[in-house]
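S.K.:
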Amino acid sequence: AAEQADVVIIGSGGAGLSAAVTAHDLGKKVIVLEKMAMVGGNTNRAAGGLNAAETKPQAKLGIKDSIESHFNDTIKGGHYLNNPDLDHKLTDNAKYSVDFINDLGGDLNDVGMMAGASQKRAHRPTGGGFVGAEVVRTLYKASKDRNIDIRTMADAQKLIVKDGKVVGVQFKQGKKPAQIVHAKAVVIASGGFSANQAMVAKIDPKLKGFATTNQPGATGDGIIMGEKVGAATVDMKQIQTHPTVVPGNGEMITEAVRGNGAILVNKEGKRFINELQTRDVVSAAELKQTDKVGYLFFDNSVRKSLKAIETYIKKGLVTEGKTPEELAQKLGINADNLKTTLTEYAKFQADKKDAQFGRADMPRPLTEAPYYAVMVTPAVHHTMGGLRINTEAQVLNHKGNVIPGLFAAGEVTGGVHGGNRLGGNAMADIVTFGRIAGRNAAENPTGVI
Ligand code: ADP
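Given below as structure tokens:
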């Protein structure tokens, strides 16, 4: 006979593990299926913070924020394509997500500022550490302490439906034959599809050939499995790219490097864009350059202005030269043109007018040796679209009706972030809706809530 659980969760990122701990603590037998060898998914890579307003850490730090402001920033950042009901649910409940992680022994007690936010509301570990790793560490430890059954290398392949209800999952673990586990409810928490280049390029041909910042398991399986049982999707075309990613390894170089003065040059040693344009515009310009790459170029003054650069240097991502010529030689780019580019740029900077590309803010002339460069290319970073859910994390069909027994949370869903996700809101989304999905899957698997 097939195995039986109360709640089966597909994916062990922040959404899946939040759902797992929540359903377990309501007395349910939970099984988590994770297709990769390690838990944590893309959540492991989240750097910024978990956005929440009116929280205890904010109060302690004297930060005056409001849920209304978080809501307004979120829909503005999403170009007003967001589903406002989902965003009210998100912003009303994000503060409990901070409590949830901290009460489980995590540390989200530092609060920082992120782009698109009116207030400091990005919760992260004390000292400004990486939020994703902290949340995964906390949730994984909580799962272990509770003996929650988490199976790695367990690839969910198909949802089992009976009489219009989702009643289980077929999965394949390693070389074993496919298995079925029956459940009263299934939570899809399998993340986005940034690492599925065929799916990305089919939806948006402009993104053909893009690398990704995501882990290789982010292939959209949950969306495909959901669609097969009649789930509707929303905002699938809304795909976020990041323009400064190191080719090959998906390491993302923060926008602050350009903000603090770096320029972008091509293999010919020439600038090709206003470096401070939006992510989509800079990405498109890079793709028109030789070998579809650019070089983030900066000098010692930029290096000294930004701690993150030391991390990139330690990781071996940065090439250094005593002079621009030496650097150009090491990179194999045109040295004469690079020299001319730098002379021109220093003049634009002094004149406070970029006669070539109209860049408004040029904080540094880039004349202090040594010089540095990082080869970059655009990469797919986040997929805003996905399964259509209601505010109780129930998956909806094309008529807008609940598919009994089926819940979804996290990046696999659409509607929360509209046309553009703000930094810090993915973490808020996955923990908040992960908990809602876990609770409802446990308490009311098939009913109308
Ligand atoms: P979120 O941020 O929404 O929690 P993550 O990307 O952090 O999403 O985590 C999703 C997890 O789901 C990843 O670890 C990924 O490997 C896993 N996953 C994706 N597809 C499947 C599948 N078919 N079966 C099991 N796990 C899957």
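Numbered by mature numbering (1 follows the signal peptide of the UniProt record, and there is no 0), the letters in the sequence shown go through residues -1, 1 to 448 in order. Glycine included, C-beta positions come from ideal geometry on N, C-alpha and C.
For the region 366 to 426, list the beta strand (DSSP E) runs that are entirely contained and at least 3 residues long, ordered along the chain.
M.R.: 370 to 382, 385 to 387, 393 to 395 and 401 to 407
S.K.: Out of curiosity, what's the CA-to-CA distance linking Y344 and K201?
M.R.: 39 Å
S.K.: What beta strand (DSSP E) runs, 3 residues minimum, are completely inside the region 134 to 161?
M.R.: 148 to 150 and 153 to 161
S.K.: By the 10 Å Cβ neighbour count, where 16 or more other Cβ atoms means buried, how is T289 classified, buried or exposed?
M.R.: exposed
S.K.: What is the residue span of the beta strand (DSSP E) that D5 lies within?
M.R.: E2 to I9
S.K.: When you compare only the Cα positions, how much space is there between F406 and K161?
M.R.: 16 Å
S.K.: Looking only at C-alpha atoms, which of P56, G437, A378 and N439 sits nearest to T240?
M.R.: A378
S.K.: Applying the criterion that 16 or more other CB atoms from any shown protein chain within 10 Å of the CB defines a buried residue, is residue 449 buried or exposed?
M.R.: Because the chain in this structure spans residues -1 to 448, residue 449 falls outside the shown range and cannot be described.
S.K.: Quick one: grab the DSSP three-state call for K164.
M.R.: Strand, per DSSP.
S.K.: Beta-carbon within less than 6 Å of A194's beta-carbon, same chain only, minus the 5 sequence neighbours each way: which residues are those?
M.R.: T211, N213, P215, A217 and T218
S.K.: Does the beta-carbon of G413, which I'm using as the reference point, lie nearer than 7 Å to any heavy atom of ligand 1?
M.R.: no
S.K.: Do T218 and ligand 1 come close, with the Cβ less than 7 Å from some heavy atom?
M.R.: yes
S.K.: Is it buried or exposed for K314, if we count other Cβ within 10 angstroms and need 16 for buried?
M.R.: It counts as exposed.
S.K.: With a cut-off of 8 Å on the beta carbons, I'd call V168 and V185 a contact; round off their distance for me.
M.R.: 6 Å
S.K.: Return the CA-CA distance between Q393 and E53, expressed in angstroms with no decimal places.
M.R.: If I take the Cα positions, the gap works out to 27 Å.
S.K.: How would you write the range of the alpha helix (DSSP H) that T318 sits in, first residue to last?
M.R.: Taken as a continuous stretch (DSSP letters only), T318 belongs to no alpha helix (DSSP H), being part of the beta strand (DSSP E) at T318 to G320.
S.K.: Taking only three categories from DSSP, how would you classify Q288?
M.R.: coil
S.K.: Quick test of your reading: D220 and A155, contact by CB under 8 Å. State the CB separation rounded to the nearest angstrom.
M.R.: Yes, they are in contact, since the Cβ atoms of D220 and A155 sit about 7 Å apart, within 8 Å.
S.K.: For ligand 1, is there any heavy atom lying closer than 7 Å to the beta carbon of residue 457?
M.R.: Missing from the structure shown is residue 457; the chain here goes from -1 to 448 and no further.
S.K.: Taking just the CA atoms, how far does A368 sit from T322?
M.R.: 7 Å
S.K.: Among the residues of its own chain, which have a CB less than 7 Å from the CB of K207, if the five just before and after it don't count?
M.R.: These residues qualify, in order along the chain: A200.
S.K.: Quick one: give me the first and last residue of the beta strand (DSSP E) that D184 is part of.
M.R.: Checking the displayed sequence, the identity of residue 184 turns out to be Ala instead of Asp. That run of the beta strand (DSSP E) goes Q178 to I187.
S.K.: Could you name the residues of the same chain whose beta carbon sits closer than 6 Å to that of V29, not counting the 5 residues immediately before and after it, in chain order?
M.R.: V6, A19, A22, H23 and I147
S.K.: Going by DSSP in three states, K34 sits in which element: helix, strand or coil?
M.R.: coil
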